[in-house]
Amino acid sequence: MAFGVGEIIILAVTVIIGLVIFSFVSAFLVPQLSFTNAEQTAKNMGSDISVTAGPLFLENGKGSSIFYIYSPQYSGNFTVIAFAVPTSDIASIGTITPSYSVSTLNVFLTNGKIPLSKTFSTIYSTSGEILSTNQVGYEVPSNEAFSVTSVTGLINSSDIIVVWIIYQSGNYYFRIYYTYSGVSQ
138 MAFGVGEIII LAVTVIIGLV IFSFVSAFLV PQLSFTNAEQ TAKNMGSDIS VTAGPLFLEN
198 GKGSSIFYIY SPQYSGNFTV IAFAVPTSDI ASIGTITPSY SVSTLNVFLT NGKIPLSKTF
258 STIYSTSGEI LSTNQVGYEV PSNEAFSVTS VTGLINSSDI IVVWIIYQSG NYYFRIYYTY
318 SGVSQ
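In structure tokens:
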């Protein structure tokens with residue numbers, strides 16, 4: 138069966154349209170679907186954990202507080218980002234972001250060691266919004282306490298320590314939980 142010029146042109150146009158549609162799906166829809174799946178996984182993880190924050194203790198110009206991430210279903214590592222803000226910011230604690238990319242607070246594991254640090258290019262909320270960029274956090278195991286301390290003079294009784302819990306889902310990083318610790322009244 139011989140093809141005419143018209144049929145070959147129709148076949149070529151059909152193939153080109155198919156390739157354009159495939160490219161569109163690959164370039165736009167697949168990454169969006171990947172992000173949506175990662176976001177849902179992070180939401181689920183955030184609803185499965187609880188974080189306990191001890192009071193902020195101040196002594197000789199240093200502040201220290203203990204935190205515990207309880208996760209009955211997950212035994213891997215989370216990453217924490219800790220920063221200090223004035224107590225007056227408590228009402229907007231969910232929207233406050235770190236002022237510096239490297240924290241002025243130190244994170245320690247229960248064995249006294251400093252955990253591994255990790256740099257994040259972008260941190261998302263579990264609703265898909267970009268919360269922060271270029272932040273350094275520290276890996277801490279789930280179901281184990283860790284402490285956050287300040288160096289001398291950087292925190293006082295009118296400050297609180299804010300801790301973000303970061304979870305990696307796919308190639309994305311999500312703040313799945315946040316809490317704070319202040320001086321008990």
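Count the sequence shown with our numbering and you get residues 138 to 322, in order. We put the beta carbon where it would ideally sit given N, CA and C, even for glycine. Only a predicted model underlies this, so the values are computations on that prediction, with no experimental measurement involved.
The shortest C-alpha to C-alpha distance from S287 to any of G231, S264 and I297 is the one to I297.
Contact between F283 and F161 does not hold, since their C-beta atoms are separated by about 46 Å, which reaches or exceeds 8 Å.
Less than 7 Å divides the Cβ of T316 from the Cβ of V188. Annotated three-state conformation of K255 is strand, per DSSP.
The Cβ atoms of V299 and V222 lie closer than 7 Å to each other. In the three-state reduction of the DSSP assignment, V288 falls in the coil class. For T151, the uninterrupted alpha helix (DSSP H) segment begins and ends at V142 to F161. The Cβ atoms of T263 and F311 sit closer than 7 Å to each other. Only buried fits Y304, as 16 or more other CB atoms lie within 10 angstroms of its CB. Taking 3 residues as the minimum length, the beta strand (DSSP E) runs contained wholly in the stretch 169-235 are 187-190, 194-196, 199-207 and 214-223, in order along the chain. Going by C-alpha positions, N293 is about 10 Å away from F194.
DSSP lists T216 as the bridge partner or partners of E276. Taking 8 Å as the upper bound for CB-CB distance, F220 and S236 are in contact here, some 7 Å apart. Of the candidates E266, I233 and Y275, Y275 places its Cα closest to the Cα of K250.
A residue is called buried once 16 or more other Cβ atoms fall within 10 Å of its Cβ, and Y261 is buried on that count. For G319, the enclosing beta strand (DSSP E) stretches over residues Y309 to G319. Contact between S318 and A228 does not hold, since the beta-carbon distance rounds to 16 Å and is not under 8 Å. Annotation: Y237 is outside any beta strand (DSSP E) and is labelled neither H nor E by DSSP. Taking N243 as the centre and dropping the five residues before and after it, the same chain places the C-beta of I251, V285, T286, S287 and V288 closer than 8 Å to its C-beta, in chain order. The criterion of a C-beta distance shorter than 7 Å is satisfied by I206 and S279.
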